[in-house]
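Line by line, the protein sequences give chains E and D.
Take any residue in the first sequence, note its place counting from 1, add 495, and you have its number in my numbering.
Take any residue in the second sequence, note its place counting from 1, add 398, and you have its number in my numbering.
Every residue gets a Cβ at the ideal spot worked out from N, C-alpha and C, and that includes glycine.
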Amino acid sequence: MLLMPCPWCGPRDEPEFQFGGEPATRPIPAAEVSDQRWADYLYLRTNEKGFHRELWCHAGGCGQWFLVERDTVTHVIHRTLKPGEPA
Amino acid sequence: MRYSALNLFRQGLAGQTGWPQAWRSPEPRPSYDAVIVGGGGHGLAAAYYLAKVHGMRRVAILEKGWLGGGNTGRNTTIVRSNYFFPESSAIYDFALRLYEGLSQDLDYNIMLSQRGILMMAHTEHDMELMARSVNAMLINGIDVELLDAAQVRAEVPLLNFGANARYEIHGGFTQRRGGIARHDAVAWGYARGASGLGVDIIQGCEVTGFDIAGGRVTGVQTTRGAIGAGVVGLAAAGHSGVLAGLAGFKLPIQSYALQAMVSEPVKPVLDTVVMSSATGMYVSQSDKGELVFGAGLDLYPSYAQRGNLPVEQAVIAGMLEMFPAFRRLKLLRAWAGLVDVCWDYSPIIGPAPLEGMFLNCGWGTGGFKAIPAGGWMLAHLMATGQHHPISAPFDLSRFTTGRLIDEAAGAGIAH
Numbered sequence: 496m497l498l499m500p501c502p503w504c505g506p507r508d509e510p511e512f513q514f515g516g517e518p519a520t521r522p523i524p525a526a527e528v529s530d531q532r533w534a535d536y537l538y539l540r541t542n543e544k545g546f547h548r549e550l551w552c553h554a555g556g557c558g559q560w561f562l563v564e565r566d567t568v569t570h571v572i573h574r575t576l577k578p579g580e581p582a
Numbered sequence: 399m400r401y402s403a404l405n406l407f408r409q410g411l412a413g414q415t416g417w418p419q420a421w422r423s424p425e426p427r428p429s430y431d432a433v434i435v436g437g438g439g440h441g442l443a444a445a446y447y448l449a450k451v452h453g454m455r456r457v458a459i460l461e462k463g464w465l466g467g468g469n470t471g472r473n474t475t476i477v478r479s480n481y482f483f484p485e486s487s488a489i490y491d492f493a494l495r496l497y498e499g500l501s502q503d504l505d506y507n508i509m510l511s512q513r514g515i516l517m518m519a520h521t522e523h524d525m526e527l528m529a530r531s532v533n534a535m536l537i538n539g540i541d542v543e544l545l546d547a548a549q550v551r552a553e554v555p556l557l558n559f560g561a562n563a564r565y566e567i568h569g570g571f572t573q574r575r576g577g578i579a580r581h582d583a584v585a586w587g588y589a590r591g592a593s594g595l596g597v598d599i600i601q602g603c604e605v606t607g608f609d610i611a612g613g614r615v616t617g618v619q620t621t622r623g624a625i626g627a628g629v630v631g632l633a634a635a636g637h638s639g640v641l642a643g644l645a646g647f648k649l650p651i652q653s654y655a656l657q658a659m660v661s662e663p664v665k666p667v668l669d670t671v672v673m674s675s676a677t678g679m680y681v682s683q684s685d686k687g688e689l690v691f692g693a694g695l696d697l698y699p700s701y702a703q704r705g706n707l708p709v710e711q712a713v714i715a716g717m718l719e720m721f722p723a724f725r726r727l728k729l730l731r732a733w734a735g736l737v738d739v740c741w742d743y744s745p746i747i748g749p750a751p752l753e754g755m756f757l758n759c760g761w762g763t764g765g766f767k768a769i770p771a772g773g774w775m776l777a778h779l780m781a782t783g784q785h786h787p788i789s790a791p792f793d794l795s796r797f798t799t800g801r802l803i804d805e806a807a808g809a810g811i812a813h
């Protein structure tokens, strides 16, 4: 069971949260983005073993999105950050 | 040595002292024509078919742990081919047909038990969607049958047909050629067959990098030294992304933990495989008597080979809802495998972005049932450099062209 420290609500149980993927920036302007670049944005992931930066949503709580630095092998959560908070 | 009645008799007379090891464990040679990374079912099958079908002899399998110690030894051993799209039916049914002849082909009993699989429908809407799926499968040439509630009850009377059942049973469908096979035996049988044809199986050998010259892979760096390679095949399931990273490209894959567990062994109570998307579980009874059941994904990336409690709790609750009689059983073991999930829940088979390298990955939650086909296709690619007609739709390029094969429902579990 993960104990996820929501930056707004504090530590809460895993079932309250939803994993939201690796952060990615949508390429623009759309008309000039090649199929390859669009596919990379939609589908390619680093899928790191170990240290991993990812977005989560406190879906069953405050509903806010936040950034998580987590280890995908040990499941240790290093820290959580509010959006825009300096890394 | 062949496993035959005559040899069994001879060995009986000799006190069972003359059986050779099932496969050799040689030191790695400096180079091979073909190197396969990953000694699970898919890698072993690919090596076997490279040697048997394509006549290649200088072939090596590199496995960082032990044979079949990853997902091949961690799945719930279900085989079936009831998929929605023609491309999927073609590859999964090719696998099932190879499974049907595999014990004879390998001279190794993989204990294939075609006891049928039964997918449940819990609402009228489930039934309507199921009828659509069944029709699609029938058009694809897959032998499935739609069942009403009374037929399901006749097949599996132990299911919860009580008045207070939370997941009422409206019907289901069955594929009678589906069933289970002994997962370890599939790995060991392919290993023995491949080794007998001259393939070097090298365990405890982790790939740490790739040698690349002129945009082409020329060899692998391993914990047991450098090994030259004419072509390289990747069959590393949940670790495919790690290998891709070493080779300098990314894959449209995320690795998740998929849990499975077994109960204590009991006398025969369940003679088919029961699956339910609504309760997120699938269960069968092993030959030893244990109930083998599994779950949906732990829905965040993991390389931990262990699952977390919420999903375990959900799958057990789902099973007890469907089979109240199992309430008193003790849980014997629980574990997880690392599955490589693609966005459309279909595999990636084909050339990698690096010349001389070929991919067999992205099988996600359903790799075991596909082992013979995955191996066959990877072998075909490595030997000829060309797609087999069955593997062509599963090329990596589909993520750019947009021609995805969305088998979210065919995968049969919650994602």
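Going along chain D in order, which residues have a C-beta closer than 8 Å to the C-beta of residue i?
{"i": "E:Glu564", "result": "Within 8 Å Cβ-Cβ: nothing; E:Glu564 doesn't reach chain D, min ~13 Å."}
{"i": "E:Glu511", "result": "Near E:Glu511 there are no residues of chain D at all, since even the closest Cβ is about 10 Å away, more than 8 Å."}
Tell me which same chain residues have a C-beta within less than 6 Å of the C-beta of residue i, skipping the five on either side of it?
{"i": "D:Glu485", "result": "Pro791 and Ile803"}
{"i": "E:Gly555", "result": "Glu511"}
{"i": "E:Cys504", "result": "Gly556 and Cys557"}
{"i": "D:Gly692", "result": "Thr474, Ala658 and Tyr680"}
{"i": "E:Leu498", "result": "Pro506"}
Go ahead and pull the three-state DSSP assignment for residue i.
{"i": "D:Met518", "result": "strand"}
{"i": "D:Ala529", "result": "helix"}
{"i": "D:Gly413", "result": "coil"}
{"i": "D:Gly358", "result": "Residue 358 of chain D lies beyond the residue range present for chain D, which begins at 399 and ends at 813; the question has no answer from this structure."}
{"i": "D:Thr470", "result": "helix"}
{"i": "E:Ser529", "result": "coil"}
{"i": "D:Val640", "result": "helix"}
{"i": "D:Gly602", "result": "coil"}
{"i": "E:Arg574", "result": "strand"}
{"i": "D:Phe483", "result": "coil"}
{"i": "E:Phe514", "result": "strand"}
{"i": "D:Met509", "result": "coil"}
{"i": "D:Gly570", "result": "strand"}
{"i": "D:Ile489", "result": "helix"}
{"i": "D:Leu465", "result": "coil"}
{"i": "D:Tyr401", "result": "coil"}
{"i": "D:Glu543", "result": "strand"}
{"i": "D:Met720", "result": "helix"}
{"i": "D:Gly735", "result": "strand"}
{"i": "D:Asp431", "result": "strand"}
{"i": "D:Leu779", "result": "helix"}
{"i": "D:Gly438", "result": "coil"}
Below 9 Å on C-beta distance, what does residue i contact in chain E?
{"i": "D:Gly639", "result": "Arg540, Thr541, Asn542, Glu543 and Lys544"}
Could you name the residues of the same chain whose beta carbon sits closer than 8 Å to that of residue i, not counting the 5 residues immediately before and after it, in chain order?
{"i": "D:Arg400", "result": "Asp505"}
{"i": "D:Phe724", "result": "Ser661, Leu689, Met717 and Leu718"}
{"i": "D:Glu835", "result": "Only positions 399 to 813 of chain D appear in the structure, and residue 835 of chain D is not among them; the question remains open."}
Could you name the residues that DSSP lists as bridge partners for residue i?
{"i": "E:Arg540", "result": "D:Leu649"}
{"i": "D:Glu753", "result": "D:Arg614"}
{"i": "D:Trp814", "result": "Here chain D has residues from 399 to 813 only, and residue 814 of chain D is not among them."}
{"i": "D:Gly692", "result": "D:Ala658 and D:Tyr680"}
{"i": "D:Tyr565", "result": "DSSP, once it has assigned bridges, lists no residue as partnering D:Tyr565."}
{"i": "D:Ile537", "result": "Paired residues: none, contrary to the question."}
{"i": "E:Glu580", "result": "Bridge partners of E:Glu580: none, in fact."}
{"i": "E:Cys504", "result": "E:Cys504 pairs with nothing; no bridge assigned."}
{"i": "D:Ser744", "result": "Paired residue(s): none; D:Ser744 is not in a bridge."}
{"i": "E:Arg548", "result": "E:Glu564"}
{"i": "D:Pro699", "result": "D:Tyr654"}
{"i": "D:Thr620", "result": "D:Val605 and D:Gly623"}
{"i": "E:Met499", "result": "E:Arg507"}
So which residues on chain D does residue i lean against when the C-beta distance must stay under 7 Å?
{"i": "E:Phe561", "result": "Simply none; closest approach about 14 Å."}
{"i": "E:His547", "result": "Pro699"}
{"i": "E:Val568", "result": "Tyr701 and Ala702"}
List, in chain order, every chain E residue whose beta-carbon is nearer than 7 Å to that of residue i.
{"i": "D:Asn469", "result": "Within 7 Å Cβ-Cβ: nothing; D:Asn469 doesn't reach chain E, min ~16 Å."}
{"i": "D:Thr798", "result": "Asp530, Gln531 and Ala534"}
{"i": "D:Asn706", "result": "Met496, Leu497 and Glu509"}
{"i": "D:Trp741", "result": "Tyr538"}
{"i": "D:Lys648", "result": "Leu539, Arg540 and Thr541"}
Excluding five sequence neighbours on each side, which residues of the same chain lie with their C-beta closer than 7 Å to the C-beta of residue i?
{"i": "D:Asn706", "result": "Asp696"}
{"i": "D:Asp582", "result": "Gly466 and Gly471"}
List, in chain order, every chain E residue whose beta-carbon is nearer than 8 Å to that of residue i.
{"i": "D:Ile651", "result": "Arg540 and Asn542"}
**Asked** So, do the region 683–700 of chain D and the region 654–662 of chain D have three or more beta carbon pairs nearer to each other than 8 Å?
**Response** yes
**Study point:** Inter-stretch contact at 8 Å, needing at least 3 Cβ pairs: the region 658–670 of chain D / the region 556–564 of chain E
**Key:** no
> Counting pairs of Cβ atoms below 8 Å between the region 557–570 of chain D and the region 430–445 of chain D, do you hit three or more?
Replying inline: no
*Meets three-Cβ-pair contact criterion under 8 Å: the region 574–590 of chain D and the region 727–742 of chain D*: Contact between the region 574–590 of chain D and the region 727–742 of chain D is absent, with fewer than three C-beta pairs closer than 8 Å.
Can you find at least 3 beta carbon pairs, one from the region 533–549 of chain D and one from the region 583–599 of chain D, that sit closer than 8 Å?
no
Self-check item: Given 8 Å, three or more beta-carbon pairs between the region 401–418 of chain D and the region 530–546 of chain E
Solution: no
Within the chosen definition, does the region 745–754 of chain D reach the region 764–780 of chain D through at least 3 CB pairs nearer than 8 Å? Yes, the region 745–754 of chain D touches the region 764–780 of chain D.
**Report entry** Three CB pairs or more closer than 8 Å across the region 777–789 of chain D and the region 718–733 of chain D
**Finding:** The answer is no - the region 718–733 of chain D does not touch the region 777–789 of chain D, with fewer than three Cβ pairs under 8 Å.
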